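Enquirer: Before I ask anything, let me first share the structure, which is written out below as structure tokens.
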Amino acid sequence: AGNQGTRGMAAVVWVVMNRIAVANDFGDTPCEVLADPGQFEPLSRPRFRAFAKAVRAGAMPQFPQPLSAQDEILQRTARLVVWQMLDGYFADDPTDGAQYFFAPAAMRALGRGMPAWVNRFRRTASIGDHVFYRPKRGG
Numbered sequence: 150a151g152n153q154g155t156r157g158m159a160a161v162v163w164v165v166m167n168r169i170a171v172a173n174d175f176g177d178t179p180c181e182v183l184a185d186p187g188q189f190e191p192l193s194r195p196r197f198r199a200f201a202k203a204v205r206a207g208a209m210p211q212f213p214q215p216l217s218a219q220d221e222i223l224q225r226t227a228r229l230v231v232w233q234m235l236d237g238y239f240a241d242d243p244t245d246g247a248q249y250f251f252a253p254a255a256m257r258a259l260g261r262g263m264p265a266w267v268n269r270f271r272r273t274a275s276i277g278d279h280v281f282y283r284p285k286r287g288g
């Protein structure tokens, strides 16, 4: 969500937190949720695979170093967003409880169609390039 601004970054963090709130489905910590195979596309990239594998094994490895000055700015911004959330700045969940999201334009650029799960969930928000979803209630 690095190219989505602070509101978009916060929305992705809310998805992680919403997943933690669902007992036994995604993981008990942000690291477990993020490292769950197939859930967050950037962590499947070669640069992050060893990191994700170590987290799944219970380690707390150092996050890979930024490759560019822009990557460093995005990483610092993401950390700031998390700290602001802990301090209550992004206290209201803009995703309305979403546990899933995807970026339609990114999917098209990768030659992929809509995720198979889209029809099973309710769309809750559109923030930047991302569309957010949560399970349908009552059915």
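End of the sequence shown = 288 in our numbering, gap-free, step of one.
Each residue gets a CB set at the ideal place from its N, CA and C atoms; glycine is no exception.
On a predicted model such as this, the values are computed, not experimentally measured, just so you know.
Start and end of the beta strand (DSSP E) containing residue 270?
Expert: Residue 270 -> beta strand (DSSP E) spans 270 to 276.
Enquirer: According to DSSP, is residue 191 part of a helix, a strand, or is it coil?
Expert: Helix.
Enquirer: In the DSSP assignment, what residue or residues form a beta bridge with residue 182?
Expert: Bridge partners of residue 182: none, in fact.
Enquirer: What did DSSP end up calling residue 154 once you bin it into helix, strand or coil?
Expert: Helix, per DSSP.
Enquirer: Under the assumption that residue 154 contacts residue 277 (Cβ atoms under 8 Å), give the Cβ distance between them as a whole number of angstroms.
Expert: Right, the Cβ-Cβ distance comes to about 6 Å (below 8 Å), so this counts as a contact.
Enquirer: For residue 168, does the count of other Cβ atoms within 10 angstroms reach 16, so buried, or fall short, so exposed?
Expert: With 16 or more Cβ atoms within 10 Å of its Cβ, residue 168 is classed as buried.
Enquirer: Applying the criterion that 16 or more other CB atoms from any shown protein chain within 10 Å of the CB defines a buried residue, is residue 289 buried or exposed?
Expert: Outside the displayed span of the chain (150 to 288) sits residue 289, for which this structure offers no information.
Enquirer: Please give the ranges of any alpha helix (DSSP H) in the region 236 to 266, keeping only runs that are unbroken, at least 4 residues long and fully inside the region.
Expert: Runs of the alpha helix (DSSP H) inside the region 236 to 266: 253 to 258.
Enquirer: If we call anything under 8 Å between Cβ atoms a contact, is residue 230 one with residue 166?
Expert: Contact flag unset, no.
Enquirer: Nearest CA to the CA of residue 206: which residue from 228, 190, 214, 181?
Expert: If we check each option's Cα against that of residue 206, 181 comes out closest.
Enquirer: Here's the rule I'm using: 16 or more other beta-carbon atoms within 10 Å means buried, otherwise exposed. How should residue 292 be labelled?
Expert: Here the chain covers residues 150 to 288 and nothing more, so residue 292 does not appear.
Enquirer: By Cβ distance, which residues of its chain are closer than 6 Å to residue 224, with the 5 residues on each side in sequence left out?
Expert: Hits under 6 Å: 215.
Enquirer: In chain order, what residues of the same chain lie with their CB nearer than 6 Å to the CB of residue 264, ignoring the 5 residues before and after it?
Expert: The residues are 251.
Enquirer: Who are residue 280's beta bridge partners in DSSP?
Expert: Its beta-bridge partners are 251, 275.
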